[in-house]
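Just so it is clear: in the sequence shown, position 98 is 109 by the numbering used here, and no numbers are missing. From the three backbone atoms N, C-alpha and C, an ideal C-beta is built for every residue, glycine too.
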Amino acid sequence: MAPIARCCSGSGTGPTSVPGPSPGRPTPHGRLLGTTLTTCGDRSLRAMSPRRWSRRHGSTCLRNQYRSDPMGSRTSTEGTGTVPAVAFVGLGWWGNQLAEAVERSGAARVASCFARSPDAREAFAAAHNCATATDLDDLLANQEIDAIVLATPHSTHLPMIKAAAEAAKHVFVEKPLAVSYRDASEAVTAARAAGIVLQVGHHRRKVAATRALRRRLDNGAFGLVHLLEAKQTTPSDLTPRVGGGVIQPSVRSGG
12 MAPIARCCSG
22 SGTGPTSVPG
32 PSPGRPTPHG
42 RLLGTTLTTC
52 GDRSLRAMSP
62 RRWSRRHGST
72 CLRNQYRSDP
82 MGSRTSTEGT
92 GTVPAVAFVG
102 LGWWGNQLAE
112 AVERSGAARV
122 ASCFARSPDA
132 REAFAAAHNC
142 ATATDLDDLL
152 ANQEIDAIVL
162 ATPHSTHLPM
172 IKAAAEAAKH
182 VFVEKPLAVS
192 YRDASEAVTA
202 ARAAGIVLQV
212 GHHRRKVAAT
222 RALRRRLDNG
232 AFGLVHLLEA
242 KQTTPSDLTP
252 RVGGGVIQPS
262 VRSGG
């Protein structure tokens, strides 16, 4: 199937992905990067606080995102016959959260990592029992790596996606895809030309509560909805550990 781009504002049935493997029929690496990965199951929407919902159903934004039930028992038909080997680029707080999600899923293994900071590389490698790379080009040249996960500042996404595409590595990139429409289009073009899977991590789209709300909107349970407004608050203070566009306005998009 030719790669396609799917925006995140449509029906809410899947994450942005290129190409979009058919639901229930993932590509060999689709367990990490395809539209079927983030299945959370069918659960009814309850009138309860997010914290209580999480305690009851385990539906925290990321922890439940990658629990792809039977996927962990399947093996790739390519390479060594094992699950896909994934390398992480960008090893801050969110990069570690994504790595933990991959480990919980059983659908892939954390094989290597790269960051400019030697301390960050060593800490990540120790936490996730993986190799390290001191150069991005060397990481991408590693034939044992099937895919990369990008958790770097937004302004770096395009050049890294293009480099990964040239190396025939699938890419999961933390949102947003890019800082402009032009850059996003260029990233999609590069993925299409290389025939790789490119997926953007919009993590709320597969949370059970979000899916249940989407069904109720679709079946008219709330009538004709003209506006839906939501607000998220957290008790914690801003910390530099989150990195990226949260504390660096110059590298983030308008989203």
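Given a threshold of 16 other Cβ atoms within 10 Å of its Cβ, counted over all protein chains shown, does histidine 237 qualify as buried or as exposed? Mapped onto the sequence shown, residue 237 falls at position 226. Around the beta carbon of histidine 237, fewer than 16 other beta carbons sit within 10 angstroms, so the residue counts as exposed.
If I follow the unbroken beta strand (DSSP E) through histidine 181, where does it start and stop? Along the sequence shown, read from residue 1 onward, the residue named residue 181 stands at position 170. Element bounds for histidine 181: 181 to 185.
Whose C-alpha, out of Arg193, Tyr192, Val208, Gln243, is nearest the C-alpha of arginine 215? Within the sequence shown, residue 215 is the residue found at index 204, counting from 1. Among Arg193, Tyr192, Val208, Gln243, the Cα nearest to that of arginine 215 is on Gln243.
Expressed to the nearest angstrom, what Euclidean distance is found between the alpha-carbon atoms of alanine 176 and arginine 132? Residue numbering aside, residue 176 sits at position 165 when the sequence shown is read from its first letter. Residue numbering aside, residue 132 sits at position 121 when the sequence shown is read from its first letter. For alanine 176 and arginine 132, the gap between their C-alpha atoms comes out near 23 Å.
Which residues in the same chain have their Cβ closer than 8 Å to the Cβ of isoleucine 156, if we skip the five residues on either side of it in sequence? Here the question's residue 156 lines up with position 145 in the sequence shown. Leaving aside the five residues that flank isoleucine 156 on each side, the residues in its chain whose CB is nearer than 8 Å to its CB run, in chain order, Ala96, Val97, Ala98, Ala122, Ser123, Leu150, Lys180.
With three or more C-beta pairs closer than 8 Å as the rule, is the segment 186 to 193 touching the segment 220 to 229? These segments do not touch.
Would you say phenylalanine 183 and valine 160 are within 8 Å of each other, going by their C-beta atoms? Start at 1 with the first residue of the sequence shown, and residue 183 comes out as number 172. Start at 1 with the first residue of the sequence shown, and residue 160 comes out as number 149. The answer is yes: Cβ separation under 8 Å.
C-alpha distance - glutamine 154 paired with lysine 217, whole-angstrom precision: Mapped onto the sequence shown, residue 154 falls at position 143. Mapped onto the sequence shown, residue 217 falls at position 206. Roughly 32 Å separates the two Cα atoms.
In chain order, which continuous runs of the alpha helix (DSSP H) of length 4 or greater are located wholly inside the segment 94 to 182? Those alpha helix (DSSP H) runs which fall completely within the segment 94 to 182 and span 4+ residues are 104 to 116, 129 to 139, 147 to 152, 168 to 177.
Who are the near neighbours of alanine 126 in its chain, counting only those whose CB is closer than 6 Å to its CB and skipping five residues on each side? Taking the first residue of the sequence shown as position 1, residue 126 is located at position 115. Closer than 6 Å at the Cβ level, and outside the excluded window around alanine 126, lie Leu102, Arg132.
Answer with yes or no whether the minimum CB distance from phenylalanine 183 to chain C is below 8 Å. Protein chains in the displayed structure number just one, and chain C is not present.
Buried or exposed by the 16-neighbour rule on C-beta atoms within 10 Å, applied to threonine 145: Position 134 of the sequence shown, counting from 1, holds the residue named residue 145. Counting C-beta atoms within 10 angstroms of its own C-beta, threonine 145 has fewer than 16 neighbours from the protein chains shown and is therefore classed as exposed.
Once the 5 residues before and after proline 61 are set aside, which same chain residues still bring their CB inside 6 Å of it? Start at 1 with the first residue of the sequence shown, and residue 61 comes out as number 50. Summary for proline 61: the model assigns pLDDT 38, below 50, so the residue's position carries little reliability; its value from the coordinates is reported in the next sentence. Here the set comprises nothing.
Spatial neighbours of glutamate 111 within its chain, please: C-beta separation below 6 Å, excluding the five flanking residues on both sides. To locate residue 111, count along the sequence shown from 1; it is residue 100. Within the same chain, no residue comes within 6 Å of glutamate 111 by CB-CB distance, once the 5 residues on both sides are set aside.
Helix, strand or coil, according to DSSP, for leucine 235 in the structure here? The sequence position of residue 235 within the sequence shown is 224, counting from 1. Leucine 235 falls in the coil class under three-state DSSP.
So the candidates are Ser128, Trp104, His139; which of them puts its Cα closest to the Cα of alanine 119? Within the sequence shown, residue 119 is the residue found at index 108, counting from 1. The shortest Cα separation from alanine 119 among Ser128, Trp104, His139 belongs to His139.
Give me, in chain order, the residues of the same chain whose beta-carbon lies closer than 6 Å to that of aspartate 148; leave out the 5 immediate sequence neighbours on both sides. Taking the sequence shown and counting its residues from 1, the one referred to as residue 148 is at position 137. Excluding its 5 nearest sequence neighbours in each direction, aspartate 148 has no C-beta neighbour in its own chain below 6 Å.
Which residues in the same chain as methionine 59 place their Cβ atom closer than 6 Å to its Cβ, once the five residues preceding and following it in sequence are excluded? Taking the sequence shown and counting its residues from 1, the one referred to as residue 59 is at position 48. Any reading at methionine 59 is ruled out, since the residue's pLDDT is 35, under 50, leaving its predicted position unreliable.
Between the C-alpha atoms of alanine 174 and threonine 200, what's the straight-line distance to the nearest angstrom? To locate residue 174, count along the sequence shown from 1; it is residue 163. To locate residue 200, count along the sequence shown from 1; it is residue 189. Rounded to the nearest whole angstrom, the CA to CA distance from alanine 174 to threonine 200 is 13 Å.
Classification of glycine 106 by the beta-carbon crowding that lies within 10 angstroms, buried from 16 upward: By 1-based counting over the sequence shown, the position of residue 106 is 95. Classified as buried, glycine 106 has 16 or more neighbouring CB atoms from the shown chains inside 10 Å of its CB.
Roughly how many angstroms separate the alpha carbons of threonine 143 and serine 128, rounded to a whole number? For the purposes of this step, residue 143 is identified with residue 132 of the sequence shown, where counting begins at 1. For the purposes of this step, residue 128 is identified with residue 117 of the sequence shown, where counting begins at 1. It is roughly 11 Å from the alpha-carbon of threonine 143 to the alpha-carbon of serine 128.
Is DSSP giving glutamate 197 helix, strand or coil here? Taking the sequence shown and counting its residues from 1, the one referred to as residue 197 is at position 186. Helix.
Pairwise C-alpha distance: alanine 220 and glycine 212: Numbered from its first residue, the sequence shown carries residue 212 at position 201. Numbered from its first residue, the sequence shown carries residue 220 at position 209. A straight line joining the alpha-carbon of glycine 212 with that of alanine 220 spans about 18 Å.
Out of Ala152, Asp130, Val94, Thr163, which has the shortest C-alpha to C-alpha gap to leucine 109? Locating residue 109 in the sequence shown gives position 98, counting from the first residue. It is Thr163 whose Cα lies nearest to the Cα of leucine 109.
Would you report the Cα separation of lysine 186 and alanine 232, rounded to the nearest angstrom? For this step, residue 186 is matched to residue 175 along the sequence shown. For this step, residue 232 is matched to residue 221 along the sequence shown. The C-alpha of lysine 186 lies about 31 Å from the C-alpha of alanine 232.
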